[in-house]
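J.:
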Amino acid sequence: MRSRNPFEVLGITPAMVRNLSGRDLFALVKASYRALLLIYHPDRAAGEDPDAIRQRNRKVAEINLAYEKLNHERDPASLEHYQNVYARRATEGWRKTIRSLNKEIMALTVENEHLSGAYLRHLLQTSFPDSASSNPGQADVFHLKNIRLGLQDIAINHNIRSLTWELGTNYKEIHFDAEGRMFYKFPCRKKAIPVNFIRLLGTVDKDKVDLIPLLDREIPGDRQGRPISWKKGSEKGAAGFDVLNTLSMEKFRRFCLPYLKPEMNEGAFLFSVHRNSLAQNRIHLEGLIIRTHGENP
71 MRSRNPFEVL GITPAMVRNL SGRDLFALVK ASYRALLLIY HPDRAAGEDP DAIRQRNRKV
131 AEINLAYEKL NHERDPASLE HYQNVYARRA TEGWRKTIRS LNKEIMALTV ENEHLSGAYL
191 RHLLQTSFPD SASSNPGQAD VFHLKNIRLG LQDIAINHNI RSLTWELGTN YKEIHFDAEG
251 RMFYKFPCRK KAIPVNFIRL LGTVDKDKVD LIPLLDREIP GDRQGRPISW KKGSEKGAAG
311 FDVLNTLSME KFRRFCLPYL KPEMNEGAFL FSVHRNSLAQ NRIHLEGLII RTHGENP
């Protein structure tokens, strides 16, 4: 059993010892010493059994010895020695707590990665099940019906860098009919066409994620090495790359999946998976929902 520091015997914490010094610290020592003697004084042992009296006497002897070791008036160096030793416990205590919390955080992080990875795999497997009986033109995840979504194409909106924004240049729509079949109206097109290679994953509110830095990017092949002036409305020194409406599954898992929800609300980014992009481990950003028409029964 380790010997107790005299400050510990007197009920003084390492934080208190660290913040006081010299006579101020000794004043605290004397106050604690007197309070403890009042509690454990032998005169208060009336009516107690012999074992309790012996324990009280041992406690008083321990208190007296601790006080002698910390008597600043007799031996200032002794008080300073025990102070330096005891004050380190405050830092060691915090370090131990920090180490313990870091271990818990690491364990939770690993568990979260396993859970999010498993959930993403589940979403992808249910999007395109290997079943000949599955309807290739129906959304398997949400079963949306009788709803039309108006979307702002984020990549087009970013890449044109226009000083003015006109609805149509980067506006597209996704329709679901009464049987849940998906129709896609691409930007600047008048007619929606049926599609069977897209499955919706869900939405993320736009205030939950800074999306542009996460998107895949490229420098257009016919413009590599040319000044940025080809970008309409672009500022001097702007980045000479285009963003794509795709991002890696890993980035989606880390930054988007925690906020993914099934509701098709305005002001939310809509994500999907395309059949031909599964092998490339890419998630598609359909756009920012800016209009909703109809209801999903």
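In the numbering used here, the protein residues as written are 71 to 367.
Using N, Cα and C, we set each Cβ at its ideal position, and we do this for glycine too.
Pick helix, strand or coil for threonine 48, following the three-state DSSP scheme.
T.: For the chain, the structure presents residues 71 to 367; residue 48 sits outside this window and is missing.
J.: Assign serine 102 to buried or exposed, taking buried as 16 or more other Cβ atoms, counted over all protein chains shown, within 10 Å of its Cβ.
T.: Result: buried.
J.: Would you mind sorting glycine 337 into buried or exposed? The rule is 16 or more other CB atoms within 10 Å of its CB.
T.: Burial call: exposed.
J.: Below 7 Å between beta carbons: does that hold for leucine 284 and alanine 225?
T.: No, the pair does not count as a contact, with Cβ atoms beyond the cut-off.
J.: Taking only the alpha-carbon atoms, compute the straight-line gap between threonine 104 and alanine 85 and give it to the nearest angstrom.
T.: Inspection of the sequence shows that residue 104 is occupied by arginine rather than by threonine. Arginine 104 and alanine 85: Cα-Cα distance of roughly 21 Å.
J.: Determine whether the beta carbon atoms of phenylalanine 246 and lysine 215 lie at a separation below 7 Å.
T.: Yes. Within cutoff.
J.: Threonine 234 by DSSP, collapsed to three states: which one?
T.: Residue confidence is low: threonine 234 scores 49 on pLDDT, short of 50, so the model does not pin down where it sits. Its coordinate-derived value is still stated next. If DSSP states are grouped into helix, strand and coil, threonine 234 belongs with coil.
J.: Measuring alpha carbon to alpha carbon, tell me which of Arg323, Tyr241, Asp119 and Asn351 ends up nearest leucine 221.
T.: The shortest Cα separation from leucine 221 among Arg323, Tyr241, Asp119 and Asn351 belongs to Tyr241.
J.: Here's a check: name, in chain order, each residue in its chain whose Cβ is nearer than 7 Å to the Cβ of glycine 187, leaving out the five neighbours to either side.
T.: Hits under 7 Å: Arg323.
J.: Just checking my contact of glycine 272 with phenylalanine 325 at CB under 8 Å: how many whole Å lie between their CB atoms?
T.: No, glycine 272 and phenylalanine 325 are not in contact; Cβ-Cβ is about 14 Å, not under 8 Å.
J.: Report the CB separation of lysine 255 from alanine 262 in whole angstroms; it is logged as a contact under 8 Å.
T.: About 4 Å separates the two Cβ atoms, so the contact holds.
J.: Taking C-beta to C-beta, are methionine 319 and isoleucine 360 nearer than 7 Å?
T.: Against a cut-off of 7 Å, the Cβ pair of isoleucine 360 and methionine 319 comes out as no contact.
J.: Secondary structure at glutamine 222, three-state DSSP: helix, strand or coil?
T.: If DSSP states are grouped into helix, strand and coil, glutamine 222 belongs with the strands.
J.: Determine the DSSP secondary structure at leucine 178, reduced to helix, strand or coil.
T.: Leucine 178 falls in the helix class under three-state DSSP.
J.: Helix, strand or coil for threonine 362 per DSSP?
T.: In this structure, threonine 362 counts as strand in the three-state DSSP scheme.
J.: Kindly indicate which residue of Leu80, Ala349, Lys278 and Leu193 has the alpha-carbon position closest to the one of tyrosine 156.
T.: Looking at the Cα atoms, Leu80 is the closest of the given residues.
J.: Between Phe96, His213, Arg128 and Glu356, which lies nearest to tyrosine 110 when the distance is taken from Cα to Cα?
T.: Of Phe96, His213, Arg128 and Glu356, the residue nearest in Cα terms is Arg128.
J.: Give every residue of the same chain whose Cβ lies closer than 7 Å to the Cβ of glutamate 132, excluding the five residues on either side of it in the sequence, and list them in chain order.
T.: Closer than 7 Å at Cβ, skipping near neighbours: Val79.
J.: Can you tell me which residues form a DSSP beta bridge with tyrosine 241?
T.: Partner(s): Gln222.
J.: For a test of the three-state rule: what should DSSP assign to phenylalanine 341, helix, strand or coil?
T.: Reduced to three states, the DSSP call for phenylalanine 341 is strand.
J.: For glutamine 195, I'd like the list of residues in its chain whose CB is within less than 6 Å of its CB, leaving aside the five on either flank, ordered along the chain.
T.: No residues qualify anywhere along the chain.
J.: Just to confirm, is the Cβ distance from aspartate 286 to threonine 316 under 7 Å?
T.: In contact: aspartate 286 and threonine 316 (Cβ atoms closer than 7 Å).
J.: Alpha carbon to alpha carbon, how far is valine 130 from leucine 107?
T.: Going by the C-alpha atoms only, they are around 7 Å apart.
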